[in-house]
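Comments concern the structure below.
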Amino acid sequence: MLFEEWAGEVEKELLVILEDNCQTDNQNFDAAEIADKLKVSENTVLFFLSRLIKDKKVEVVKLKIK
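In the working numbering, the protein residues as written are 1 to 66.
So this is what it looks like as structure tokens:
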């Protein structure tokens, strides 16, 4: 599998997870939990999330500072 194919699959899976998360009462974003589901690192999840935001496939509407 080429990198672009893999990246496309990770993006699709991440979008499904994010959509499912929006459908539930728990709308928290946990990069570590998502990384475990996708079998990638947290940094990889954050990279793809930033790419989805940049490509306007995901919109951040709420931000919580810890």
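Beta carbons are placed, not taken as given, at the ideal position from N, Cα and C, and that holds for glycine.
The shortest C-alpha to C-alpha distance from K64 to any of N28, G8, L18, E42 is the one to N28.
Taking the C-beta atoms as reference points, I34 is found no nearer than 8 Å to V16. Between L38 and L14, the CB-CB gap stays under 8 Å. Annotation: the continuous alpha helix (DSSP H) that includes L15 extends over 3–23. The shortest C-alpha to C-alpha distance from G8 to any of V58, K56, E59, L52 is the one to L52.
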